Amino acid sequence: KNQVEQSPQSLIILEGKNCTLQCNYTVSPFSNLRWYKQDTGRGPVSLTIMTFSENTKSNGRYTATLDADTKQSSLHITASQLSDSASYICVVSAASGTYKYIFGTGTRLKVLA
Amino acid sequence: DTEVTQTPKHLVMGMTNKKSLKCEQHMGHRAMYWYKQKAKKPPELMFVYSYEKLSINESVPSRFSPECPNSSLLNLHLHALQPEDSALYLCASSQGVKEETQYFGPGTRLLVL
């Protein structure tokens, strides 16, 4: 069964600190993996996308890594800001031509001043 | 224009009402999606339109009726909803239907009384 699991479920950090969010998946055959940021009550916004051959992708203070062998990805946030408080969702697409995104359960991040 | 817009932002309706949610994009995308998202859960796919034709219906109850009048517009007609249908309804679009990045709208927050 295609599944995407994220950890931790929630996280609280102080402003300026770094943090790392984890994503493990069992989607096969794998096509790509995306990280989305979703502010409360808003639609998700794409942060990064990685294909099988990519190990790392950066978008400002966000750096995503992918290990296709172990089927794990991480999202590292550097020098966190209050505006980083949101849910971060890992989304995996299969390579079988399916229309569907397979969504992770998300990590809710709270950055405190 | 890289935006997906949704109206209304908020909607409160009774169980006997008929209402419609609207979604619009002007990115030339040929695939459009409706998702339902409950609090603290990932989005759940409801419908997929590809080239203005319904291509996926994820066993959604008939009280939800999608419509795609043209390639830029997607509607979701609501009738005789139940309180458990209260949720954030997200519209998304993508260039095609195979593995392309989906761009999400801000959502419509629906409350059924």
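Protein sequence lines correspond, in order, to chains L and G. Under the working numbering, read the first sequence as residues 40 to 152, first letter to last. Under the working numbering, read the second sequence as residues 544 to 656, first letter to last. Idealized CB from N, CA, C, for every residue including glycine. These numbers were taken from a predicted model, which means no experiment stands behind them.
In this structure the segment 611-621 of chain G does not lie against the segment 52-70 of chain L, because fewer than three pairs of beta carbons, one per stretch, are closer than 8 Å. Secondary structure note for Y594 (chain G): it is in no beta strand (DSSP E), with a DSSP letter that is neither H nor E. Residue pairing of M89 (chain L) in beta bridges, as defined by DSSP: L:L72. At least 8 Å separates the beta-carbon of L656 (chain G) from that of D628 (chain G). DSSP places S614 (chain G) in the coil class of the three-state scheme, outside both helix and strand. Looking at the backbone, the Cα of S119 (chain L) and that of V66 (chain L) are separated by about 30 Å. Here the segment 606-616 of chain G does not lie against the segment 550-562 of chain G, with fewer than 3 beta-carbon pairs under 8 Å apart. L656 (chain G) carries a coil assignment under DSSP once its states are collapsed to helix, strand and coil.
Here DSSP, grouped into helix, strand and coil, assigns S67 (chain L) to coil.
Across the set L:G82, L:K139, L:C62, L:P68, the C-alpha of L:C62 shows the shortest separation from the C-alpha of H115 (chain L). One alpha carbon belongs to Q625 (chain G), the other to G571 (chain G), and they sit about 35 Å apart.
Look at T550 (chain G): its C-beta is not under 8 Å from any C-beta on chain L.
Fewer than three Cβ pairs drawn from the segment 568-588 of chain G and the segment 87-95 of chain L lie within less than 8 Å of each other, which leaves the two stretches out of contact. The beta carbon of Q638 (chain G) sits no closer than 8 Å to any beta carbon of chain L. Beta bridge pairing from DSSP links M556 (chain G) with G:V655. Inclusion of G82 (chain L) and G639 (chain G) in the CB contact set at 8 Å is not warranted, their separation being larger than that value. The alpha carbon of Y646 (chain G) has as its nearest neighbour, out of L:G145, L:V130, L:A134, the alpha carbon of L:V130.
Annotation for R147 (chain L): the continuous beta strand (DSSP E) segment containing it runs 146-151.
The residues E54, L121, in chain order, have a CB closer than 7 Å to that of A152 (chain L) in the same chain once the five nearest residues on each side in sequence are set aside.
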